[in-house]
Amino acid sequence: MNWITNYVRPRINSMFGKRDIPDNLWIKCPETGEMVFHKELEDNFWVIPSSGYHMKIPVDARLKSFLDDQWYERLKLPSVPQDPLKFRDVKRYTDRLKEYRNKTGLDDSVVVALGSLEDLPVVVACHDFTFMGGSLGMAAGEAIVTGIMKAIEFNRPFIMFAASGGARMQEGILSLMQLPRTTAAVDMLREKGLPYIVVLTNPTTGGVSASYAMLGDIHIAEPGAVIGFAGKRVIEQTIREKLPDDFQTAEYLKAHGMLDMVVPRHELRPTISRILRILLKMPPSADRAAIETDVQDDAASATTTEKPAADQPAAA
Amino acid sequence: MYNYLDFEKPVAELETRITELKTTMGETGSVDVKEEIAGLETRARDALRELYKSLTPWQKAQVARHPDRPHCVDFVKGLIDDFTPLAGDRKFAEDEAVISGFGRFRGQSVCILGQEKGNDTESRLKRNFGMARPEGYRKAVRLIELAERFAIPVITFVDTTGAYPGMGAEERGQAEAIARSTQACLNLSTPLVSIVIGEGGSGGAIALATANRVYMLEHAIYSVISPEGAASILWHDSARAKDAATGMRITAQDLSELKVIDGVIPEPVGGAHRNPDQTIARTGDQIDAALRELSGEGRDLKQERREKFLAIGRNI
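In the order they appear, the protein sequences are chains A and B.
The opening position of the first sequence corresponds to residue 46 in my numbering, with each subsequent residue numbered one higher.
The opening position of the second sequence corresponds to residue 2 in my numbering, with each subsequent residue numbered one higher.
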């Protein structure tokens, strides 16, 4: 003990200890490299204001920005076997799950919400890419099946925001089985005559695109989203050629007939509301112009008053 | 005589010695040599039996991919009379990776679908190594719908590394084609029986294997991603394929335990390629039993199939 340990160290500790401010206050636009203040990004639905680049958006922010009054009720999802294969790669799968649960505050990669879209009650399922790449395992599959059953029970349209690298390898064949399982659920929705809207966001690939994400009545994608079955790297290795820059982008897919439209995040709300109301032979929402302005204001104020659940930007 | 796998080396040595002795005996024909051959044959048989009693998942993957293994064309030749191949998806092209047609199985009209890997350079190229493009799956949908119209059962033979990861395949909607094929399987009201005869590779396999009854040959594998693919993603080292194969539980025995498949068809000692006729006959008996069972009066096979898949994972 000397005067340095008694006196100096506490001051140094306090200097470093108090840094609980997120270290990613400034977010770089992956397209232009421009630095954007996180508040500004959150207020703009995680779309870079100047470039229009659509960043990945946390699930809570997504749902609040999409639904009336920034309100939704999260559906309680059935529990599924955890780590059915007792899998480990460089890490134990159970440890990985714990890690992502702590990081995201979510149980797994899909959240199902009940809410209204311009006064039309809907069921919305939403992938969170930050939870293990939005991967589809038993929990996510069960979430989607449950969400669709809820839509059938309440006679509501079902809207799916997809963002996933594909099936979750750590659950092996049981992940693959989510392809027919979710497809069966989609079929049940169809039989009830309920609309199924898929919003493909960045990225939607693998087993997710090879099942429920490509079986919508209407396919909408966000600008620039990467959508495909096989990964670009795998394809390049197979055909030993360089692929075009816009390969597998939303715009590319639309040009190849796989999507109905590419819609910026700000316009998803009025667009999907309009489509649903036409399909369901309902009158347009009361005063659409007024509501649309309203929505923009509300959503903007929502993100300034409430923080999204996951307080960090998604990886680009 | 056989293409030996690395782990079959002890057997290979014995069998090579037997062949040598037999050649020599042709010239001399002494009693001693005859006895030696008989002894060696017993030893080789025992060694093979011992080896195949406890194959590791990775060894099974090699057996499942064995070049001499009976392929889809062999099963069709052995089991289907009057086989009449039907070509084309009526949209873009004919995909020869998918065998497709109608014929008679033990007297009953059936629709046949399956991936064919080919067995020499020419046929492998023609069949694209059993990796179907979107047209293959769209052709499958067309035939399944045809089977539906004429109330004919469908039999599928699954043997693919996976759907083809190519530029054109992506442009023409590989993901959507797979999803639609799975959906067509789910919506068929006639019996659908699938046999994984070699490799059940991910979405490319499930697209033809969403069946009322799914069986696997004893040494077949069925997986969400190839062991090599999982190893390179999860371990960043494709040499860890052995660990991935074990961890992901890809064997027929694993899938039976996980209640993903309905049964395992035994293979001859040393694998299907040691006695293709016996393998094919046993497979035929299993298909026969399944079709008899499914053809009972008053069954809603579409509903049963849907419920069967929804139950997967909930029952382990």
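Where a beta carbon is used, it is the ideal one built from N, C-alpha and C, also for glycine.
Practice item. Give the straight-line distance between the Cα atoms of A/S209 and B/N120, rounded to the nearest whole angstrom. Key: 36 angstroms
Review point. Nearest to B/D69 by alpha carbon, out of B/K118, B/L259 and B/G264?
Key: B/K118
Practice item. Can you say whether B/K140 is buried or exposed, counting buried as having 16 or more other CB atoms within 10 angstroms of its CB? Key: In this structure B/K140 is buried. Its beta-carbon is surrounded by 16 or more other beta-carbon atoms within 10 angstroms.
Point to revise | Beta-carbon proximity of B/W236 to A/V135, cut-off 8 angstroms | key: yes
Practice item. Using a Cβ cut-off of 8 angstroms (strictly closer), state whether B/M168 contacts chain A. Key: yes
Check your understanding: So the alpha helix (DSSP H) B/N188 belongs to, where does it begin and stop?
Key -> Q175 to N188
Exercise for review: Alpha carbon to alpha carbon, how far is A/E267 from B/L6? Give it in angstroms, no decimals.
Suggested key: 49 angstroms
Point to revise | In DSSP terms, what A/K73 is bridged to | key: A/M80
Practice item. Assign B/N129 to buried or exposed, taking buried as 16 or more other Cβ atoms, counted over all protein chains shown, within 10 Å of its Cβ. Key: Burial call: buried.
Exercise for review: Would you please verify whether the beta carbon of B/E200 is less than 8 angstroms from any beta carbon of chain A?
Suggested key: no
Check your understanding: By the criterion of Cβ-Cβ separation under 9 angstroms, what are the contact partners of A/I204 in chain B?
Key -> Correct list: empty, because the minimum Cβ distance to chain B is about 18 angstroms.
Exercise for review: Pick out whichever of B/I222, B/G40, B/P154 and B/D244 has its Cα sitting closest to the Cα of B/K303.
Suggested key: B/P154
Practice item. State yes or no: is the beta carbon of A/V168 nearer than 8 angstroms to at least one beta carbon in chain B? Key: no
Point to revise | For A/L221, the first and last residue of its enclosing alpha helix (DSSP H) | key: G217 to L221
Check your understanding: So, helix, strand or coil for A/N247, using DSSP?
Key -> strand
Review point. Along the region 253–282 of chain B, what residues have a CB closer than 7 angstroms to any CB found in chain A?
Key: The residues in question are L256, L259 and V261.
Review point. Is B/D7 helix, strand or coil by DSSP?
Key: helix
Review point. For the putative contact between A/A184 and A/T249, defined by C-beta atoms under 8 angstroms, what is the C-beta separation to the nearest angstrom?
Key: Contact doesn't hold; Cβ gap of about 18 angstroms is too wide.
Check your understanding: Mind pulling the beta strand (DSSP E) runs of 3 or more residues that sit fully within the region 223–297 of chain B?
Key -> 264–266
Point to revise | the region 172–187 of chain A / the region 209–218 of chain A touching (three or more Cβ pairs under 8 angstroms) | key: yes
Practice item. Could you tell me which of B/T183, B/N188 and B/L22 sits nearest to B/E149, measuring between CA atoms? Key: B/N188
Practice item. Using a cut-off of 8 angstroms between C-beta atoms, extract the partners of A/H172 located in chain B. Key: Result: empty, since nearest Cβ-Cβ is about 15 angstroms, beyond 8 angstroms.
**Study point:** Which residues DSSP lists as bridging A/P166, in chain order
**Key:** A/S161
Check your understanding: Which partner residues of B/G157 appear in the DSSP bridge assignment?
Key -> For the sequence presented, residue 157 of chain B should be read as Thr rather than Gly. Partner(s): B/L114 and B/S195.
Review point. Can you list the residues of chain A that B/N188 reaches, using a CB-CB cut of under 7 angstroms?
Key: D232
Review point. Do A/V92 and A/R310 have their C-beta atoms closer together than 8 angstroms?
Key: yes
Practice item. Starting from the Cα of B/A178, find the closest Cα among B/G102, B/K92, B/L311 and B/A246 and give me that residue. Key: B/K92
Point to revise | Residues of the region 282–294 of chain A with Cβ closer than 9 angstroms to any Cβ of chain B, in chain order | key: Q282, T283, I284, E286, L288, P289, F292 and Q293
Check your understanding: Going by the CB atoms, is the gap between A/G276 and A/S220 shorter than 8 angstroms?
Key -> no
Practice item. Could you tell me whether the Cβ of A/I218 comes closer than 8 angstroms to any Cβ of chain B? Key: yes
Point to revise | Beta-carbon proximity of B/C186 to B/A212, cut-off 8 angstroms | key: yes
**Study point:** Reduced DSSP secondary structure (H/G/I, E/B, other) of A/T283
**Key:** DSSP, reduced to helix, strand and coil, places A/T283 within a helical segment of the structure shown.
Review point. Using a C-beta to C-beta distance shorter than 7 angstroms, which residues of chain C count as neighbours of A/T228?
Key: No chain C appears in the structure shown, which is made up of the protein chains A and B.
Exercise for review: Identify the contact partners of B/G108 in chain A, using a Cβ-Cβ distance below 9 angstroms as the criterion.
Suggested key: Within chain A, no residue comes near B/G108; the closest Cβ sits about 30 angstroms away, beyond 9 angstroms.
Point to revise | Beta carbon proximity, A/H99 to chain B, threshold 8 angstroms | key: no
**Study point:** Proximal residues, the region 103–114 of chain A versus chain B, C-beta separation under 8 angstroms
**Key:** none
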